[in-house]
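Going down the list, the sequences are from chains A and B. Position one of the first sequence corresponds to residue 4 (the numbering used here), numbered consecutively onward. Position one of the second sequence corresponds to residue 199 (the numbering used here), numbered consecutively onward.
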Amino acid sequence: MIISRIYNVHNGVDTAYVYIWISKKFKLVYIGMTNNSVGPIGRAEGHFNSRGTFRKRFLEETGLGIEKAFDMILLSFPLPKKREYTGVESSYRESVEYLVMKELQLQRGILVPNYDVVSWHDRYPRRTGNLEVIRTATSIVKSFVSGYNSL
Amino acid sequence: MSVPIPLEIDAGRLLFGLSRIGYTTSSAICDIIDNSIRAESENIELLIIKDRKDFSDNKKNNVKEYIIVDDGNGMDRDGLLEALKLGSSDQEYEEHSLSKFGLGLKAAAFSQGDILEIISSNGSGFNKFHISLTNIILTKKYAADEIPLNESDNSIIEKHLKEQKGTIIRISAIRKNNHPSVSNTLSELNTKIGVIYYHFISKNVKISIGGRLIPGIDPLFSVEADKNGNLDENEWDGTEVRWIEKKKSVTLDDELEITATIEITQLPYPPIFRIKHLGEAKDVEIRKKYLIEAGNYGFYVYRNERLISWASHLNGIIPYDQDFYAFRGKISINDNADDFFNIDVKKSTLTLSEEAWRVISDVTREARAKSKNAWLNAGRIRREIINKDPNEIANKLLNEYEQIEILPGDDLPTEAEAEKRIELITSDMAAKVRLIVKMMREDKGENGDDITDVSIEEKEEAIKGEINPQLSKIFRVSSVTDNLLWEPYYDTDLGNCVRINKLHRFALYIYENNASNQDMQITFDLLMLQLSDAEFYAYKNINDFDYEQIKSILWNFRRIASEFLAHMVRKLENELPPNYTSYAE
Chain A
4 MIISRIYNVH NGVDTAYVYI WISKKFKLVY IGMTNNSVGP IGRAEGHFNS RGTFRKRFLE
64 ETGLGIEKAF DMILLSFPLP KKREYTGVES SYRESVEYLV MKELQLQRGI LVPNYDVVSW
124 HDRYPRRTGN LEVIRTATSI VKSFVSGYNS L
Chain B
199 MSVPIPLEID AGRLLFGLSR IGYTTSSAIC DIIDNSIRAE SENIELLIIK DRKDFSDNKK
259 NNVKEYIIVD DGNGMDRDGL LEALKLGSSD QEYEEHSLSK FGLGLKAAAF SQGDILEIIS
319 SNGSGFNKFH ISLTNIILTK KYAADEIPLN ESDNSIIEKH LKEQKGTIIR ISAIRKNNHP
379 SVSNTLSELN TKIGVIYYHF ISKNVKISIG GRLIPGIDPL FSVEADKNGN LDENEWDGTE
439 VRWIEKKKSV TLDDELEITA TIEITQLPYP PIFRIKHLGE AKDVEIRKKY LIEAGNYGFY
499 VYRNERLISW ASHLNGIIPY DQDFYAFRGK ISINDNADDF FNIDVKKSTL TLSEEAWRVI
559 SDVTREARAK SKNAWLNAGR IRREIINKDP NEIANKLLNE YEQIEILPGD DLPTEAEAEK
619 RIELITSDMA AKVRLIVKMM REDKGENGDD ITDVSIEEKE EAIKGEINPQ LSKIFRVSSV
679 TDNLLWEPYY DTDLGNCVRI NKLHRFALYI YENNASNQDM QITFDLLMLQ LSDAEFYAYK
739 NINDFDYEQI KSILWNFRRI ASEFLAHMVR KLENELPPNY TSYAE
């Protein structure tokens, strides 16, 4: 019997998330955001299924199927409980995600073990100058950096 | 174990082959200047001696000699012989040296002419050696002749090397096989030397050609970027150099501790200068000043502060696309990163290792998008200046327009009822102004918590998105309450207005994806105003429901419509217009 304790990241009804998938063994980090009503867990299916972007990137980077990543960890960061972050219109969420991704790219060689960021934005989001967006992203990066070692 | 059998080397063919690895005249000269820099020279002088002095500089095949003189540390006789060896010892190369294979001097010299002469002194007296490629090919032996200094050598020493220390390289018997004209080489070198040795020239190394000092050129124009700040690709009008990425250190290999620094600027958008300075051809000036042309966009890679790759597209990281003309990246590495950059003998091209390519591609992905968007946005701004802003046109159309007071079939409310509703609307809007100012401040990255002190100008800017007297009814703003596509605004001065969230996905689609379709933008602006006016009409005139109920219903309608439109654009992005109309050229 495998028990997975999923008790705090499956409610996305009034909360959107930025989330980070990590495999330290394969040195990969994937950053995403979601307003999925079942949170990052609900969104995960789309990443891991046969057409999923994360599965695709994982394969490109490692040559392996994502099911081989036996140490995959999911970190979730709730965004402010506001319509700006939970709506279908995603500019606020995307901007937080972008700033987090950008900072984690710069941290890639500093944290141990190093990692490659395998998610990216083709479009530059438009609210990266917003103070709340910046503060939210900064706080996510801070938590990530301080907690990375102990993961 | 078998005994290795020595094999012959045909020095003539080897040297001939080496001289044909693809040096241009300017890259060959720069490779020789590298040696001067390595020798800690303060003054480096290039002399180009013409064959027929009476011919114009524009004539091809008219160079007799290239002479490079430096006042660096120089060499004694043994040092000279070492330098002339093919594959001169790398033990001579100090850390961070510009040298790499010990082949540069010979390969570069013989790429241009058949005779190389080298004269040098470290203070103990000048020695001179002469190598003839023709002789080497004939004899198949690599050898130098030691010969005495002649009158021309002595006059150069007297003029340039008064302290009896330094090196003279003379390349003669220049090949008359489509050899570039003097003016061609000069114009190429003036720019190339300035960029290649920018860091050394900034540290006071003086490089001149025929007595004319070459100024250093920072291909990123970082001093200007420092002055102008970071690039906001949605606001930038193309007139200034801006930072896309300030200097950042990137790890290429964590185990070997190989790092590189990357910095990126956006150079000006020349066509905007044609519009802003009509009849002055300023755009040509700008292209010249900032070297904006097809061969100059991309990454400038500096190794030990010497440029080794000019405007590289790094195996496709920067696409060959005019929209990237203003993109200038700089990657700085030390010699310990050589294996990641696979630098060739002539130090003019590099091939990235897969790992380095991936890291640089990832780290610069957004910068590329930013640069392209900024270029396109500057184009839009240019078109707007030419064509007049469609938002202003939409506002202007309304100057003479009067909204219907009451629709047929609707009961006109009593005066008391109408006044009460107006009072409720006004009080709601007064509260909204504070929120609008807060949102604007936060969008600017400022703290929006304390909004007790709001000037009239700030209020106007917050409501309208910009201070512009031409805008009277329809305002494109960066934030709307709850991130909806539009919201009504009312005050006694402006009357009924609409605030459109220009960063909402649907608005971006109208304003940016369809930037060239002004009619569509004007129509959209007018539609938004009519929807807002309709909402006011309901607040004022519909008495079947109370005010709070109407507010809630209409807010929900706006919320749902905004989300549906965002969703539709996301799902149908590539299918939506502009796609279906072919405009006549």
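Quick reminder that beta carbons are idealized off the backbone N, C-alpha and C, glycines included.
- Residue range Gln716 to Asn739 is occupied by the alpha helix (DSSP H) that includes B:Gln719.
- The shortest CA-to-CA distance from B:Ser330 to any of B:Ile484, B:Thr612, B:Ala342 and B:Arg501 is the one to B:Ala342.
- Look at A:Tyr95 here: in three-state DSSP terms it is helix.
- Counting along the chain, B:Lys480 sits inside the alpha helix (DSSP H) bounded by residues Lys480 to Lys487.
- For B:Asn712, DSSP assigns no beta-bridge partner whatsoever.
- No Cβ-Cβ contact shorter than 8 Å links B:Asp641 with A:Asn152.
- Going by beta carbons, A:Thr131 and A:Leu82 fall outside the 8 Å limit.
- Annotated three-state conformation of B:Met627 is helix, per DSSP.
- Here the alpha carbon of B:Asn376 sits roughly 40 Å from the alpha carbon of B:Gly321.
- In the pairwise beta carbon analysis, the region 673-686 of chain B is classified as touching the region 90-103 of chain A: at least three pairs are separated by under 8 Å.
- Exclusion of the five residues before and after B:Pro776 leaves Asn711, Asn712, Ser714 and Asn715 as the residues of its chain whose Cβ lies within less than 8 Å of its Cβ.
- The three-state reading of DSSP puts B:Arg504 in strand, counting E and B together.
- Scanning B:Pro611, B:Glu438, B:Asn540 and B:Leu605 for the CA closest to the CA of B:Phe525 turns up B:Glu438.
- In this structure B:Leu359 is buried. Its beta-carbon is surrounded by 16 or more other beta-carbon atoms within 10 angstroms.
- Interface residue (Cβ-Cβ distance to chain A less than 8 Å): B:Lys769 is not classified as such.
- Contact annotation for B:Asn348 against chain A: no contact, minimum CB-CB distance about 56 Å [criterion: below 8 Å].
- Pairing B:Gln520 with B:Asn571, the inter-Cα distance amounts to about 12 Å.
- Using a Cβ-Cβ cut-off of 8 Å, B:Val448 counts as an interface residue toward chain A, since at least one Cβ of chain A sits closer than that to its own.
- Below the 7 Å Cβ cutoff, chain B contributes Glu640 as neighbours of A:Glu135, in chain order.
- Chain order gives the chain A residues near B:Asp680 as Lys85, Arg86, Glu87 and Gly90, where near means a beta carbon separation below 9 Å.
- 8 Å or more divides the Cβ of A:Val103 from the Cβ of A:Val41.
- Counting only Cβ-Cβ distances below 8 Å, B:Glu644 has contacts in chain A at Leu134, in chain order.
- B:Phe539 sits in a helix when the DSSP states are folded into three classes.
- The alpha helix (DSSP H) runs of length 4 or more contained entirely in the region 310-391 of chain B are, from start to end of the chain, 331-337 and 349-358.
- Judged by pairs of C-beta atoms under 8 Å, the region 764-776 of chain B does not touch the region 725-735 of chain B, as fewer than three such pairs exist.
- It is roughly 15 Å from the alpha-carbon of B:Glu685 to the alpha-carbon of A:Arg86.
- Against chain A, a Cβ distance below 8 Å from B:Asn432 picks out Arg129.
- Looking at the backbone, the Cα of B:Glu240 and that of B:Phe398 are separated by about 10 Å.
- For B:Arg674, the three-state secondary structure derived from DSSP is strand.
- The beta carbon of A:His50 does not come within 8 Å of any beta carbon belonging to chain B, so the residue lies off that interface.
- Between B:Ala565 and B:Glu443, the C-beta gap is smaller than 8 Å, which places the two residues in contact.
- By the CB criterion at 8 Å, A:Phe61 and A:Leu31 fall inside the cutoff.
- Around the beta carbon of B:Glu315, 16 or more other beta carbons sit within 10 angstroms, so the residue counts as buried.
- By the rule that beta-carbons nearer than 8 Å mark a contact, A:Lys27 does not touch chain B.
- In summary, B:Glu453 is exposed, with fewer than 16 beta-carbon neighbours lying within 10 Å of its beta-carbon over all protein chains present.
- For B:Gln464, the enclosing beta strand (DSSP E) covers residues Ile456 to Gln464.
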